[in-house]
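One structure below.
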Amino acid sequence: MSKFISPLTWPGGKSKQWNLIKELFPKETKHLQYVEPFFGGGSVGLNALREKFI
0 MSKFISPLTW PGGKSKQWNL IKELFPKETK HLQYVEPFFG GGSVGLNALR
50 EKFI
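Structural data, given as structure tokens:
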């Protein structure tokens, strides 16, 4: 699945690291509570939502 590209550009954004970051999400996400204190361009949160991690 291709990654979501945020419409917001942000210095230090994580969109290029998404393939590495998604490996850090737990395999069982039934009771996962996701909090992103440094939203920036939102690429991690939006990709996690798109791939149903959250």
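For the sequence shown, numbering that gives the first Met the number 0 begins at 0 and goes up steadily by one. From the three backbone atoms N, C-alpha and C, an ideal C-beta is built for every residue, glycine too. Since the model is a prediction, treat every value here as computed from it, not as a measurement.
Q | Nearest-angstrom Cα separation, counted from Lys26 out to Phe37 | A | 23 Å
Q) Can you round the beta-carbon distance between Gly44 and Gly12 to whole angstroms, since I take them to be within the 8 Å contact cut? A) Actually they are not in contact, since the Cβ atoms of Gly44 and Gly12 sit about 12 Å apart, beyond 8 Å.
Q. Going by other Cβ atoms of all chains shown within 10 Å of its Cβ, with 16 needed for buried, is Asn18 buried or exposed?
A. exposed
Q | alpha helix (DSSP H) segment containing Val43, residue limits | A | 42-49
**Q.** Endpoints, the alpha helix (DSSP H) within which Ile20 is located
**A.** 17-20
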